[in-house]
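Below you'll find the structure, written out as structure tokens, and then a few comments.
Residue numbers (my numbering): 1251 to 1333.
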């Protein structure tokens, strides 16, 4: 079905295979207390506004950036950092 932004719920979980948790952190100063680190253990975690995700492990994350300019769109995908 359609994927809606979890702006009002902060975290929306989809019981798919794999399980997905989608969070929009725009309205929060920090992700502390939301349990996102626990969700990462068994969910694919999609994070909008990841700069507010204080426990985000950069070496395990793919970063997808969407840019809009006039009528054009650009999508940039960066793989996890290798340490």
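Even glycine gets a Cβ: it sits at the ideal position worked out from N, Cα and C.
Beta-bridge annotation (DSSP): residue 1326 is paired with 1315.
DSSP, read as helix, strand or coil, puts residue 1275 in coil.
Going by beta carbons, residue 1294 and residue 1272 fall outside the 7 Å limit. In this structure, the CA atom of residue 1303 is about 10 Å from the CA atom of residue 1274.
The continuous stretches of alpha helix (DSSP H) do not include residue 1310, and DSSP gives it neither H nor E. In this chain, residue 1260 is not harboured by any alpha helix (DSSP H), its DSSP state being neither H nor E.
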